[in-house]
């Protein structure tokens with residue numbers, strides 16, 4: 008014969024428990040601004056206007072160079088280095104085939120001398136000097152350097168065989184190497200790691216040995232130091248506060264900084280630094296790539312992503328385009344790869360050891376994106392599959408990282424949104440909810456152990472899980488193994504699990520019974536032990552179940 012203990016009180020208590028909640032959202036970004044982006048480590052392009060992260064186009068900040076005399080400029084194109092000259096006889100711009108170099112179809116930058124017909128051509132891995140041989144342009148023997156990497160921009164000075172190459176270091180800082188002719192061989196005679204993050208371009212200051220470097224957010228002036236035969240910063244001429252510089256070109260009295268939509272002219276105003284000149288600046292540009300300021304003037308050429316060469320001149324009241332000096336070319340501009348996106352470090356108030364990254368992305372054929380999450384501020388990484396929970400080392404300094412790549416340099420993958428959630432699998436709040444034949448003096452539910460239970464009586468207990476537990480089971484010191492039932496679907500972050508355990512009827516008086524509960528999620532396990540949980544006090548003549556509470 009069995010007796011049944013009504014569970015009305017316990018059902019009321021259960022109904023009052025808080026509902027399951029969601030995992031904590033550590034970070035979410037739709038790239039409308041750079042507030043969540045680590046701009047030091049990010050080499051991918053973050054287009055805040057479009058709200059997208061892409062591979063950057065092959066940087067070509069020095070792909071155009073305007074000569075000082077007449078109206079002539081050189082452009083690096085997919086069809087070779089082309090030199091265009093204004094023909095007074097026809098009143099039009101024509102290609103100067105004698106000064107062009109059709110064989111150099113992979114140049115990403117160039118620099119020209121104004122005192123001689125010399126062009127420096129920069130590719131992804133080489134620097135070569137070309138000069139006029141009487142009939143055309145040819146490479147000068149010995150004036151070539153190969154094996155370069157991460158090259159960005161090139162500059163030169165009149166009156167000497169020297170070129171400065173700006174490249175990106177392994178730490179994403181600007182690295183300047185100056186090459187000179189030494190014994191008929193082009194030799195690296197000076198190296199400077201500027202320590203400037205996100206380098207963009209280098210430009211020589213005419214009539215001086217100085218140069219200017221642009222980063223994504225600033226323009227820095229470097230003076231030649233005769234004493235050390237090196238270069239030092241000239242902070243008074245530094246200009247900070249830019250957001251998306253893509254090119255820079257210096258003249259004798261100022262420089263033009265080019266960003267995604269504007270060419271800003273800044274005039275040197277020693278000793279106070281430099282000031283923007285609005286009437287020499289141009290807005291409303293569409294995807295500009297490079298700018299070149301004509302020495303000795305306020306004229307400059309702007310190359311756009313579509314290959315259009317815009318020529319801007321000062322007309323006394325502002326800048327105006329001169330269509331007679333413009334043309335369109337086929338730029339040798341491809342996607343630069345691979346490139347990385349890093350979020351800023353996101354701090355949480357407690358440690359978490361599981362993360363789920365949800366993304367909205369676009370990955371065309373031939374492109375790829377690999378996602379990583381760090382829980383220690385970026386020292387160690389776990390590769391993750393979007394939409395899936397992954398175990399990470401416990402931590403509270405989270406960083407999201409993506410590596411974008413392509414095998415087709417005409418295509419780029421895109422990231423439009425990222426969301427990082429974190430949780431940790433754990434068991435907490437073990438409670439004994441009901442005991443058959445409970446002593447009225449023992450108040451239930453309780454989390455104070457041990458509870459007194461008669462041998463042969465059934466116990467109802469509950470435990471709370473966090474971290475999307477898929478299974479919870481209990482093993483008692485008597486050898487009994489109990490599978491607990493969830494109150495909510497297992498796709499909930501926080502859940503309550505219920506189990507029933509009957510003290511063996513032959514258990515001795517005063518015996519202590521402990522329990523170890525295990526939560527599982529995939530291969531991950533977390534444990535909670537209560538020792539003691541039960542002390543046997545008395546005995547019933549038959550097993551008594553809590554039938555109404557099941």
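Numbering (the working numbering), first residue to last: 8 to 557.
Even for Gly, the Cβ is constructed at its ideal location relative to N, Cα and C.
None of the values given here were measured: they were computed from a predicted structure.
For residue j and residue i, the rounded distance between their alpha carbons
i: residue 308; j: residue 333; result: 9 Å
i: residue 262; j: residue 218; result: 11 Å
i: residue 156; j: residue 290; result: 33 Å
i: residue 472; j: residue 42; result: 35 Å
i: residue 547; j: residue 361; result: 46 Å
i: residue 317; j: residue 74; result: 15 Å
i: residue 374; j: residue 140; result: 44 Å
i: residue 135; j: residue 126; result: 8 Å
i: residue 340; j: residue 101; result: 23 Å
i: residue 464; j: residue 431; result: 35 Å
i: residue 276; j: residue 107; result: 37 Å
i: residue 352; j: residue 371; result: 29 Å
i: residue 130; j: residue 310; result: 18 Å
i: residue 28; j: residue 495; result: Because residue 28 sits at a pLDDT of 41, beneath the cut-off of 50, its placement in the model cannot be relied upon, and the point is left open.
i: residue 413; j: residue 522; result: 54 Å
i: residue 437; j: residue 453; result: 9 Å
i: residue 415; j: residue 378; result: 20 Å
i: residue 92; j: residue 80; result: 7 Å
i: residue 230; j: residue 221; result: 15 Å
i: residue 284; j: residue 272; result: 6 Å
i: residue 502; j: residue 398; result: 19 Å
i: residue 62; j: residue 300; result: 28 Å
i: residue 368; j: residue 44; result: 17 Å
i: residue 281; j: residue 400; result: 49 Å
i: residue 66; j: residue 174; result: 11 Å
Exposure label - residue i; buried when at least 16 CB within 10 Å
i: residue 235; result: exposed
i: residue 296; result: buried
i: residue 116; result: buried
i: residue 566; result: Residue coverage of the chain in this structure runs from 8 to 557, which leaves residue 566 outside it and unanswerable.
i: residue 387; result: exposed
i: residue 294; result: exposed
i: residue 195; result: exposed
i: residue 1; result: In the structure as shown, the chain starts at 8 and stops at 557, and residue 1 therefore has no counterpart that could be examined.
i: residue 392; result: exposed
i: residue 545; result: exposed
i: residue 313; result: exposed
i: residue 30; result: buried
i: residue 460; result: buried
i: residue 167; result: exposed
i: residue 516; result: exposed
i: residue 36; result: buried
i: residue 70; result: buried
i: residue 239; result: exposed
i: residue 474; result: buried
i: residue 257; result: buried
i: residue 337; result: exposed
Residue i - DSSP class collapsed to helix/strand/coil
i: residue 312; result: coil
i: residue 6; result: Look at the range of the chain in this structure, 8 to 557, and you will see that residue 6 is not part of it.
i: residue 518; result: coil
i: residue 266; result: coil
i: residue 214; result: coil
i: residue 330; result: helix
i: residue 285; result: helix
i: residue 344; result: coil
i: residue 418; result: coil
i: residue 51; result: coil
i: residue 197; result: strand
i: residue 533; result: strand
i: residue 140; result: coil
i: residue 34; result: strand
i: residue 321; result: strand
i: residue 370; result: coil
i: residue 79; result: strand
i: residue 508; result: strand
Heavy atom of the ligand COA within 7 Å of residue i beta-carbon
i: residue 545; result: In the structure shown, the ligand COA is absent, as is every other ligand, since no ligand is present at all.
Continuous beta strand (DSSP E) assignments of at least 3 residues falling wholly in the region 459-497 = The region 459-497 contains these whole beta strand (DSSP E) runs: 478-483 and 488-490.
At least 3 beta-carbon pairs within less than 8 Å: the region 452-471 vs the region 533-542 | The answer is yes - the region 533-542 touches the region 452-471, with three or more Cβ pairs under 8 Å.
Taking three-plus beta-carbon pairs below 8 Å as touching, is the region 46-53 in contact with the region 348-362?
-> Taking one beta carbon from each stretch, the region 46-53 and the region 348-362 have 3 or more pairs nearer than 8 Å; the two touch.
Three or more beta-carbon pairs under 8 Å between the region 442-450 and the region 368-385, yes or no?
-> Judged by Cβ distances under 8 Å, the region 442-450 makes no contact with the region 368-385, as fewer than three pairs qualify.
Segment contact flag, the region 399-411 with the region 497-515, C-beta cutoff 8 Å, min 3 pairs | Result no; under three Cβ-Cβ pairs closer than 8 Å.
Taking three-plus beta-carbon pairs below 8 Å as touching, is the region 172-187 in contact with the region 81-95?
-> The answer is no - the region 81-95 does not touch the region 172-187, with fewer than three Cβ pairs under 8 Å.
Segments of 3+ residues assigned as beta strand (DSSP E) that fall wholly inside the region 85-136 | Fully enclosed beta strand (DSSP E) runs of 3 or longer: 87-94, 99-102, 116-119 and 125-129.
What are the start and end residues of each continuous beta strand (DSSP E) run of 3 or more residues lying completely inside the region 379-449, in chain order?
-> Runs of the beta strand (DSSP E) inside the region 379-449: 389-391, 396-413, 421-430 and 433-442.
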